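Read the structure below first, then the notes.
See the structure below:
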C-alpha cells in the first residue's frame, strides 16, 4: 500500500496541503520563544483575513495565520508537546477532539483545562490516542456572539498515524466544511443561518482543484467543522467506500453514494477514480452548494467547468457499516431525555439545563448504556469528550462495532450507546451544535472515588 504524504513542515508535524492560506492582520504579541525547550506543535491564535473567493474576504480568528489551521500529524503513543500562543484579548480553549487524554489538557473549562489567556500562552503535553482522523477547535462559549467559538476559523485536522490503518489508497485529501457570516434567522430565536459556505476555506471555484488520475484510489478525510449545520456530500458518478467513522475503523466498509455528517463528525472514505472528467464534490442541498460548499475534482488531462449531476435519494445509516455480533450487557442503564424549555430559549437533559444538570456518576471499568431520547424536532450531534462509545441501537435497530465520539440523535428518535468508563477524570458531554451547547445542552460525567 502506498500512502502519499502531505507536504509537511516542522519535522513532519505540520502540513498546509489542500488548506487555504490567509494572512495575519496584526503582528503577534505573545512571546515567540516557547518556554522550557522546543515544542512539537506550535499554534498561534490571532485575527485572520480569509479570502474565500475573489473580492470576498472574511475577518475571523484562526490558527497560524490560515483557515483551516495547519494539518497536524502525530504518531500513536508518542508524546507531543503543544505551545499555544493567544494574540487576541479574549481567553481561549483548544479542544483536542476525539482524543483519550487527561481532563487538564482536553480543552474544556468545565473539565478543568486552564484557558490560554488573552495575549498569553500555555503549554500542553499529552500522548495521542487513538489513531485516526481527529481534529482540534475552539471550545469557547459563544452564546449570542456569533464571532466566537466554532463560528470562527479556529479549527484544523490532526491525523494520528499507526500501523494497520484502514483503506488502501494512493492519495489522501483533507476536506473541512465550514460556513461564514452567521446570523439568527429570527430575533430572539435559536436558529442560525449563514451567507457563505466553504471547503478548506474556499468557495466552490475559488480554490485549487483536487487533482487525480484515472484508477487512483483517493482517501478523503472529511471533518464537519460547522458550528451548527448537518451536511450531505456527494461526488456524482462515484461511490464512497466508508472505512472509518470519527476516525475509528468500521467493521464492514461499504460503498455509498452519499455521506452525511453532523457537526463534529468525521468520515474517512476511499473513492476509486473511474469516471474521468471534472466533477464537483459538494453539498447535496443546492442552495448551500451554489453558496460555496463544493470543491472541484479534476482528472489528469481533463478541463472545463466542474459538473454536477442529480443524486438519487439515499438514506444514511450508521448500521450500514456495523457488525452483527451481540454486544455485551451493560453494567448499568441510563435514559437522557432531550427537549427544549417551554419558552424555546434553552435546552434540557432530563429537565435541567447546564449548569443545573446533575453529573452522571460512573465507576471505573464499568460499561454504561445511555439512551438518548430526543423529544424535539432537531437532530442533535451529541459529543462525549475523552472517550469513545459504541453505537448499539438507532431507532430500534441494533448494531455493533460502530465506535464514535459524536452521534447524531435524529428528531423524535432514540439512540443507544455503550460508554466504557476507562478514562478517569471529569468528562463533558454536550450537543456539538454550538448554540444548543451554549443554551444548556451540556452535562458532566464524573468518576466515583
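In my numbering, the protein residues as written are 111 to 559.
All C-beta atoms, glycine included, are put in the ideal place defined by N, C-alpha and C.
As the structure is a computational prediction, the values presented were derived from the model and not from experiment.
Coarse secondary structure for residue i, derived from DSSP in three states
| i | result |
| --- | --- |
| residue 214 | helix |
| residue 220 | helix |
| residue 247 | strand |
| residue 400 | helix |
| residue 555 | strand |
| residue 549 | coil |
| residue 524 | strand |
| residue 351 | strand |
| residue 543 | coil |
| residue 305 | coil |
| residue 388 | strand |
| residue 344 | strand |
| residue 532 | coil |
| residue 358 | strand |
Spatial distance of residue i from residue j (CA atoms)
| i | j | result |
| --- | --- | --- |
| residue 432 | residue 305 | 37 Å |
| residue 369 | residue 420 | 15 Å |
| residue 380 | residue 482 | 31 Å |
| residue 311 | residue 295 | 24 Å |
| residue 224 | residue 389 | 45 Å |
| residue 515 | residue 240 | 11 Å |
| residue 199 | residue 544 | 21 Å |
| residue 302 | residue 160 | 21 Å |
| residue 471 | residue 297 | 38 Å |
For residue i, the nearest candidate out of the options (CA to CA)
| i | options | result |
| --- | --- | --- |
| residue 178 | 553, 434, 234 and 288 | 288 |
| residue 357 | 367, 238 and 325 | 238 |
| residue 196 | 245, 227 and 303 | 227 |
| residue 392 | 401, 280 and 240 | 401 |
| residue 151 | 192, 165, 406 and 163 | 192 |
| residue 554 | 213, 434, 206 and 181 | 213 |
| residue 522 | 543, 330 and 506 | 506 |
| residue 556 | 536, 542 and 545 | 536 |
| residue 500 | 559, 472, 460 and 428 | 428 |
| residue 251 | 542, 559 and 558 | 542 |
| residue 274 | 396, 465 and 186 | 186 |
| residue 204 | 404, 188, 395 and 234 | 234 |
| residue 412 | 385, 405 and 396 | 385 |
Chain-order list of residues whose beta-carbon lies under 7 Å from that of residue i (same chain, five-residue window excluded)
| i | result |
| --- | --- |
| residue 449 | 458, 485 and 486 |
Contact set for residue i: own chain, Cβ-Cβ below 8 Å, skip 5 residues either direction
| i | result |
| --- | --- |
| residue 436 | 510 |
| residue 559 | none |
| residue 324 | 383, 384, 386, 409 and 410 |
Same chain, Cβ closer than 6 Å to residue i, neighbours up to 5 away in sequence not counted
| i | result |
| --- | --- |
| residue 518 | 372, 489 and 491 |
| residue 463 | 456 and 550 |
| residue 321 | 408 |
| residue 259 | 248, 250, 252 and 544 |
Cβ of residue i within 9 Å of any chain B Cβ
| i | result |
| --- | --- |
| residue 494 | The structure shown contains no chain B, having only a single protein chain. |
### Query
What are the uninterrupted segments assigned as beta strand (DSSP E) that are 3 or more residues long and contained completely in the segment 410 to 492, given in chain order?
442 to 450, 457 to 459, 470 to 472 and 477 to 484
### Query
At what residue ranges does the segment 243 to 298 contain a whole run of the beta strand (DSSP E), taking only runs of 3 or more?
Runs of the beta strand (DSSP E) inside the segment 243 to 298: 265 to 271 and 281 to 290.
### Task
Just list the beta strand (DSSP E) runs in the segment 160 to 234, keeping only unbroken ones of 3 residues or longer that don't cross its boundaries, in chain order.
Counting only runs of 3 or more, we get 166 to 173, 181 to 185, 190 to 196 and 204 to 207.
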